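In mature numbering (1 follows the signal peptide of the UniProt record, and there is no 0), the protein residues as written are -22 to -1, 1 to 401.
For every residue, glycine included, the Cβ atom is placed at its ideal position computed from N, Cα and C.
All values derive from a computational prediction rather than experimental measurement.
Each remark here refers to the structure printed beneath this line.
Shown next as structure tokens:
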């Protein structure tokens, strides 16, 4: 949730003042905060509903933001507020060298200054000495909250030599479904009364299937599938939100190959790091061992389940992938330390490149069995597809190959028990 904002114009927009006025001094505003702040009621897990954009390109700005507040006490005295943020970061944010999307984590500590009015001073837990100089402790204030449907959190930092303060603003909710239009109007009025500009905030998406920092859980009633009947080529025709590891992937096909005690998967797809880049054909290989309940697992904590199939026309597969992401740059710290993250989704597969209405109805039942609302499925782009991606074809010499740690369809993903649904 907390990221220093280095875009001067964005900071000025939050303040709602002319650039010339903002350049006079890097002094933080003093908005009114929550009187009678209830520290214990504020603790718990909150979800980002709106925030100041991190980038001008909202597609690269990330979603699924969540923050967990917990108190660190000593002798029954609240010494610090531990702030654990995690959110989905698209591959396009990470850039070259980070080929996979990521669940990124930022950890803060906030010392109470005036706890009765929701005022804290926060620091990043893993800053180096140089980073502490460049990014000193900063205000972390709760401007208003009802401890359930909304909380408005304001931060402001005065880095040495800056012409404007670094300001961030977040709107949180413990239950995204409770953040109604009426609540949003109340929040907008609160932000405006604080002398800030609510129009700069962008909505944060919380779909079913948001990546999480939890381990993969068991599948929901997996099918005891006949691997000999399942074997062969399949096309991906639909997938759930966040199930695709790549921002611009298409033309995904998968070969199921039975082996002793399990199954091998080989998937091909087209992806682009950005829309402007040329197509890249990629091959993904993975091995799965059968478990007693009918599901499959691999050596890196993944869980794959066939939720339903008629073997001849359609299949619904859910896969969870647990990996350890290496966080890239400050403040996504500690740099170089591996952090557990689970992500995935549900995929509808077809022997051809589409389903009849009756086949779709049957597949929808299996999607629901997997715990995914049908409304949260989206079409997987499939045309035009080069011959190299047709099931049974061999990819060109220019294609890339991923290790077995990267799963089906470059992340066929999600035994939905582990995924945090929209509240």
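Counted within 10 angstroms of its Cβ, other Cβ atoms place residue i as buried (16 or more) or exposed
i: residue 376; result: Low local confidence applies: a pLDDT of 37 at residue 376 is under 50, so the model's placement there is unreliable, and no value is given.
i: residue 53; result: exposed
i: residue 45; result: buried
i: residue 9; result: buried
i: residue 335; result: exposed
i: residue 406; result: The chain is shown from -22 up to 401; residue 406 falls before or after that span and cannot be answered.
i: residue 110; result: exposed
i: residue 202; result: exposed
i: residue 59; result: buried
i: residue 165; result: buried
i: residue 16; result: exposed
i: residue 144; result: buried
i: residue 310; result: Bear in mind that a pLDDT of 42 at residue 310, under 50, signals an unreliable position, so the model cannot answer this.
i: residue 169; result: buried
i: residue 294; result: buried
i: residue 11; result: buried
i: residue 48; result: exposed
i: residue 371; result: Summary for residue 371: the model assigns pLDDT 45, below 50, so the residue's position carries little reliability, and this model does not support an answer.
i: residue 106; result: exposed
i: residue 158; result: exposed
i: residue 138; result: exposed
i: residue 248; result: buried
i: residue 349; result: buried
i: residue -17; result: Note that residue -17 has pLDDT 35, beneath the 50 cutoff, so the model's placement of it is unreliable and the number below is only indicative. The residue in question, residue -17, is exposed, as its Cβ has fewer than 16 Cβ neighbours within 10 Å.
i: residue 61; result: buried
i: residue 43; result: buried
Run of the beta strand (DSSP E) containing residue i, from where it starts to where it stops
i: residue 282; result: 281 to 287
i: residue 20; result: Element bounds for residue 20: not the beta strand (DSSP E) but the alpha helix (DSSP H), 17 to 20.
i: residue 11; result: That residue, residue 11, is in no beta strand (DSSP E); it is neither H nor E in DSSP.
i: residue 260; result: 258 to 268
i: residue 199; result: Element bounds for residue 199: n/a, residue is neither H nor E.
Run of the alpha helix (DSSP H) containing residue i, from where it starts to where it stops
i: residue 209; result: Note, residue 209: premise wrong, no alpha helix (DSSP H); not H, not E.
i: residue 342; result: 335 to 347
i: residue 237; result: Residue 237 -> not in any alpha helix (DSSP H); beta strand (DSSP E) instead, spanning 228 to 237.
i: residue 159; result: 159 to 171
Local conformation of residue i per DSSP, three classes
i: residue 277; result: coil
i: residue 114; result: coil
i: residue 354; result: helix
i: residue 127; result: coil
i: residue 53; result: coil
i: residue 141; result: coil
i: residue 136; result: coil
i: residue 100; result: strand
i: residue 154; result: helix
i: residue 176; result: helix
i: residue 94; result: helix
i: residue 107; result: helix
i: residue 221; result: coil
i: residue 271; result: coil
i: residue 216; result: strand
i: residue 374; result: Note on residue 374: pLDDT 34, under 50, position unreliable in the model; the coordinate value appears next. Looking at residue 374 - three-state DSSP - the assignment turns out to be coil, as it is neither helix nor strand.
i: residue 323; result: strand
i: residue 331; result: coil
i: residue 74; result: Legend: pLDDT at residue 74 = 41, less than 50; position of this residue unreliable, no value from coordinates given.
i: residue 36; result: Low confidence applies here, because residue 36 scores a pLDDT of 45, under 50, leaving its location unreliable; read the following figure in that light. Residue 36: helix per DSSP, three-state reduction.
i: residue 290; result: coil
i: residue 188; result: strand
i: residue 5; result: coil
i: residue 120; result: strand
i: residue 85; result: strand
i: residue 298; result: strand
i: residue 31; result: coil
i: residue 194; result: coil
i: residue 182; result: coil
The segment 138 to 158 touching the segment 114 to 130, judged by at least three CB pairs closer than 8 Å: Yes: the two stretches touch, three or more of their Cβ pairs being nearer than 8 Å.
Contact between the segment 163 to 182 and the segment 259 to 268 (3+ Cβ pairs under 8 Å): Counting C-beta pairs with one atom in each stretch, the segment 163 to 182 and the segment 259 to 268 have fewer than three that are closer than 8 Å, which means they do not touch.
The segment 348 to 361 / the segment 232 to 245 touching (three or more Cβ pairs under 8 Å): Proximity of the segment 348 to 361 to the segment 232 to 245 falls short of the contact definition, fewer than three beta-carbon pairs being nearer than 8 Å.
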